[in-house]
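Undergrad: Quick one: the structure is below, and I'll ask about it shortly.
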Amino acid sequence: GHFYRCVGEGCDWFKAGHPQSKRLLRHSTRCRKLGSELRAKAIKWSASESLGAKVGKRKSKSDPHPAGTEQVSETPSASEIQALHTLATISHNSTVALGREELRQRIDFRIMKLVCIRNIVPSVVDSKEWKDMWHDGNAKYQPTSSSTFINSHIPAEAAQIRTLQVELLKKLINLTLTYDGGTINRPQSVYTIHITTPDRRVYFIDGDECSKERHTAEYLEKLIFEMMSEIGIERFSGICSDNTGNTRKARELLAKSIPGLINMLDCCHHLHNTSKDITNLSDFKTMISNLRKIVKYFRKSPLAAALLTDARMEEGIARGLQSVGRTRFATFYWSAESLKLSLPVMRQLVSSGKISLKNATFDTALLQGGNMASMSFERDLFMYTTILTPIARSLKALESTDATAADVFVFWLGIVSTLDDLFQRPEFETGISQSLIKKVTTIVNTRYKEIIDSTPTDVYFTAFFLHPKHSRSDILRKPVNPLANVIIIPSARARGKQKATGDKGDDSENAPIPRAYRRAKEYLKRQLQEEIVRNAHPLIKKLGEARAAEELRAQLMAYAHGQYPFDTPLEETESESGRPVLEWWQNLESHAHARVLAMLAIKLYSIAINSMADERTASNFTWFNSSLRNRQQVGTLVDMIQVRQWYLAKVQLQY
Numbered sequence: 001g002h003f004y005r006c007v008g009e010g011c012d013w014f015k016a017g018h019p020q021s022k023r024l025l026r027h028s029t030r031c032r033k034l035g036s037e038l039r040a041k042a043i044k045w046s047a048s049e050s051l052g053a054k055v056g057k058r059k060s061k062s063d064p065h066p067a068g069t070e071q072v073s074e075t076p077s078a079s080e081i082q083a084l085h086t087l088a089t090i091s092h093n094s095t096v097a098l099g100r101e102e103l104r105q106r107i108d109f110r111i112m113k114l115v116c117i118r119n120i121v122p123s124v125v126d127s128k129e130w131k132d133m134w135h136d137g138n139a140k141y142q143p144t145s146s147s148t149f150i151n152s153h154i155p156a157e158a159a160q161i162r163t164l165q166v167e168l169l170k171k172l173i174n175l176t177l178t179y180d181g182g183t184i185n186r187p188q189s190v191y192t193i194h195i196t197t198p199d200r201r202v203y204f205i206d207g208d209e210c211s212k213e214r215h216t217a218e219y220l221e222k223l224i225f226e227m228m229s230e231i232g233i234e235r236f237s238g239i240c241s242d243n244t245g246n247t248r249k250a251r252e253l254l255a256k257s258i259p260g261l262i263n264m265l266d267c268c269h270h271l272h273n274t275s276k277d278i279t280n281l282s283d284f285k286t287m288i289s290n291l292r293k294i295v296k297y298f299r300k301s302p303l304a305a306a307l308l309t310d311a312r313m314e315e316g317i318a319r320g321l322q323s324v325g326r327t328r329f330a331t332f333y334w335s336a337e338s339l340k341l342s343l344p345v346m347r348q349l350v351s352s353g354k355i356s357l358k359n360a361t362f363d364t365a366l367l368q369g370g371n372m373a374s375m376s377f378e379r380d381l382f383m384y385t386t387i388l389t390p391i392a393r394s395l396k397a398l399e400s401t402d403a404t405a406a407d408v409f410v411f412w413l414g415i416v417s418t419l420d421d422l423f424q425r426p427e428f429e430t431g432i433s434q435s436l437i438k439k440v441t442t443i444v445n446t447r448y449k450e451i452i453d454s455t456p457t458d459v460y461f462t463a464f465f466l467h468p469k470h471s472r473s474d475i476l477r478k479p480v481n482p483l484a485n486v487i488i489i490p491s492a493r494a495r496g497k498q499k500a501t502g503d504k505g506d507d508s509e510n511a512p513i514p515r516a517y518r519r520a521k522e523y524l525k526r527q528l529q530e531e532i533v534r535n536a537h538p539l540i541k542k543l544g545e546a547r548a549a550e551e552l553r554a555q556l557m558a559y560a561h562g563q564y565p566f567d568t569p570l571e572e573t574e575s576e577s578g579r580p581v582l583e584w585w586q587n588l589e590s591h592a593h594a595r596v597l598a599m600l601a602i603k604l605y606s607i608a609i610n611s612m613a614d615e616r617t618a619s620n621f622t623w624f625n626s627s628l629r630n631r632q633q634v635g636t637l638v639d640m641i642q643v644r645q646w647y648l649a650k651v652q653l654q655y
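Here is the structure:
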């Protein structure tokens, strides 16, 4: 018999029978063994065959007088009448055939969108009910098979969408790339790659099926570098992922090889790990165990759940119990918070005898008032939620696509300040012992140092400093983390040291807040040096190294003092895009006395600081790839989710 296989080196894909272009294209657009050039050609070819492209291009081309036809006399002969009749018949048949083909493509396009956007099982289109519906609805349409949708229409549409995304991204700068790994039920491994633009449009650009590969940092580096190269290395300013071993090292390798690329660990994963460290403390072990058992009981018992819901509504408690999940950040906190709200109602139901708790796996005394076990549980629950509240709520805020690098610093500042105030209160008021305070303080200080003080880049502090309302903030005059015991050398000694060494290059003492100015200046100098090495920005090409450095020095000092042209008030309420600070700096981009600093500030406020796009796509994978659909492959899921996200974003297509 016949068979055909992929020509990619190391690819073991082959099929029996004669080659079919649709199956070949479906594989070729995904195969990384094929080489970037051949793969790009396959994507382009597949994109040209997409329903979206065909429907978008089609226009009415009716013309009552086609070119090249002769005018007939008012009284045609019998032979002329016969010829005209034959021509009209042929034209009519062609029009009917063309009309039916157009109808089929338009309907298939709508069906494809329905399947992908609403997560409809493609095999539905093969069912008798589906065919009967179309027979009664429009008999001219002959339903297309599910295999055509799976092997041709959906992959071609995904290829077209990817082509449009790349074309759009090639026109932009200051892009951020995020990535994350996962698995599906088949099981197969997948790494998703998203690109975020400065105006916070997010594109699911690729999903790599890598089940047969070792997920090393070097493999990820190569995968991401190829994606960035297709769009243009110089267009990327940031890269972000969680902080697992291989993803962290891949970021480091890329940031080292690409000048100007800002390396950021995902702030949301980092805060989640902070809450996880506190949750795992032995002080909360018993409380967490009872929390899970109580919530599980009320979620699994229909009678208990119904009675609790009615009682909550009577008391005006809208929020129900939340189970501990595997994917939600700070899930134990949100579950504990929901239990804390419902705890008084639960006790009323138990004490009244409406709920017996016969099959409960926890100590029933916990839901009965007036005993030590109950009071101890409630105290631990209160302590846990009080400590974790600033962390969990900061995490929720930073999940936003609009969050900036400055926001990371602001929320961490809020976390440590809130906890510092809490720990200053007496133990009899909070119930928090000194030993627990010490443990929590150690965890928070360690995590704070990882992301703010010892991060690969000082992007968060510098972005905060470059917020027009924060550059002279009193918070910068003292140690930033109140939980840490830090000794600051007085500025007078710093001035004395400067005079003794004769260092005239350091102008920090002339700034309103020298230590903050010095820290921001050092980072901005490094960023400028990397932009000079990159030599991609038009301003760098125009000014050159020496002049750009001199302008940065003068402009940063003027900004620190709030002098012209940096004296324009920031009107946050008048921002059309919802990104007022970015707009403020963009208005200074062409100003001769602000342009270099504005270039760097725009970069810092353009980058995305979380990889929540990958988390949201992972949720799509979970939704699409249920246990009843466990035979789906990564490639099919990636195609369907790309189509879904593209059309849900209501992007204006330009075919």
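Note that full-length UniProt numbering gives residue 543 to position 543 of the sequence shown, counting from 1, and the numbers run on in steps of one.
Ideal Cβ placement from N, Cα and C applies to all residues, glycine included.
So what's V324 in DSSP terms, helix, strand or just coil?
TA: Coil at V324, not helix or strand.
Undergrad: In whole angstroms, what is the alpha-carbon distance linking A53 and M112?
TA: Approximately 13 Å, taken between the alpha carbons.
Undergrad: In its own chain, which residues sit with a C-beta less than 7 Å from the C-beta of S241, not counting the 5 before and 5 after it?
TA: Hits under 7 Å: T178, Y179, D180, T247, R251, D266, S611.
Undergrad: Helix, strand or coil for I205, going by three-state DSSP, please let me know.
TA: The answer is strand: DSSP assigns I205 an E or B state.
Undergrad: Assuming L116 contacts I154 under a Cβ cut-off of 8 Å, what Cβ separation, rounded to an integer in Å, is found between them?
TA: Checking the sequence, you will find Cys at residue 116 rather than Leu. Contact flag correct, Cβ pair sits at about 7 Å.
Undergrad: Closest to T446 by C-alpha separation, out of I278, F621, A311, would be which residue?
TA: Per the Cα distances, I278.
Undergrad: Would you be able to state if there are at least three C-beta pairs under 8 Å between the stretch 249-264 and the stretch 209-225?
TA: Touching, yes.
Undergrad: If you reduce the DSSP assignment to three classes, tell me which class A42 lands in.
TA: Three-state result, A42: helix.
Undergrad: Nearest CA to the CA of K521: which residue from R23, A601, I391, G207?
TA: Minimum Cα distance to K521 is reached at A601.
Undergrad: Would you kindly check if the distance between the Cβ of H591 and the Cβ of P565 is under 7 Å?
TA: Taking 7 Å as the Cβ cut-off, P565 and H591 qualify as a contacting pair.
Undergrad: Give the secondary structure of D132 by DSSP, where H, G and I count as helix, E and B as strand, and everything else as coil.
TA: Three-state result, D132: helix.
Undergrad: Decide if the stretch 431-440 is in contact with the stretch 465-475; the criterion is three or more beta carbon pairs, one per stretch, under 8 Å apart.
TA: Segments in contact, no.
Undergrad: Grab me the residues of E37's own chain with a C-beta within less than 6 Å of its C-beta, minus the 5 sequence neighbours each way, in chain order.
TA: Taken in chain order, the list of residues that qualify is empty.
Undergrad: Please name the residue in L466, A336, R235, G544 whose C-alpha comes closest to that of I258.
TA: The shortest C-alpha separation from I258 is found at R235.
Undergrad: Grab the span of the alpha helix (DSSP H) containing G56 for me, first residue to last.
TA: G56 -> alpha helix (DSSP H) spans 51-57.
Undergrad: Figure out for me which residue from D126, T176, H2 has the closest Cα to the Cα of I607.
TA: Residue T176 is the option with its Cα nearest to I607.
Undergrad: Where M640 and R393 are concerned, what is the direct C-alpha to C-alpha distance, given to the nearest angstrom?
TA: Near 33 Å, if we compare the C-alpha coordinates of R393 and M640.
Undergrad: Which residues does DSSP list as the beta-bridge partners of C240?
TA: T178, M264.
Undergrad: In chain order, what residues of the same chain have a beta carbon less than 7 Å from the beta carbon of K249, not counting five sequence neighbours either side?
TA: Around K249: A217.
Undergrad: State the Cα-Cα distance for the pair L539 and V596, rounded to the nearest angstrom.
TA: Each residue's alpha carbon lies about 8 Å from the other.
Undergrad: Considering just the uninterrupted stretch of the beta strand (DSSP E) at Y219, what are its terminal residues?
TA: Where Y219 is concerned, there is no enclosing beta strand (DSSP E), although the alpha helix (DSSP H) it sits in stretches over 217-231.
Undergrad: Can you list, in chain order, the residues of its chain whose CB lies under 8 Å from that of A397, leaving out five sequence neighbours each side?
TA: Around A397: A403, D407, F411.
Undergrad: List the endpoints of the continuous alpha helix (DSSP H) containing T192.
TA: T192 -> not in any alpha helix (DSSP H); beta strand (DSSP E) instead, spanning 189-196.
Undergrad: How long is the line joining the alpha carbons of P344 and G182, rounded to whole angstroms?
TA: If you take the alpha carbons of P344 and G182, they lie about 40 Å apart.
Undergrad: How about M227 and I173: are their beta carbons less than 7 Å apart?
TA: Not a contact, by the Cβ cut-off of 7 Å.
Undergrad: Within 10 angstroms of its Cβ, does P426 collect 16 or more other Cβ (buried), or is it exposed?
TA: Exposed, by the Cβ-count rule.
Undergrad: Using three-state DSSP, classify K15 as helix, strand or coil.
TA: In the structure shown, K15 sits in a strand (DSSP, three-state: E or B).
Undergrad: Write down the C-beta distance between N185 and N625 rounded to the nearest angstrom, noting that I regard them as a contact closer than 8 Å.
TA: That belief holds up - the Cβ atoms of N185 and N625 are roughly 5 Å apart, short of 8 Å.
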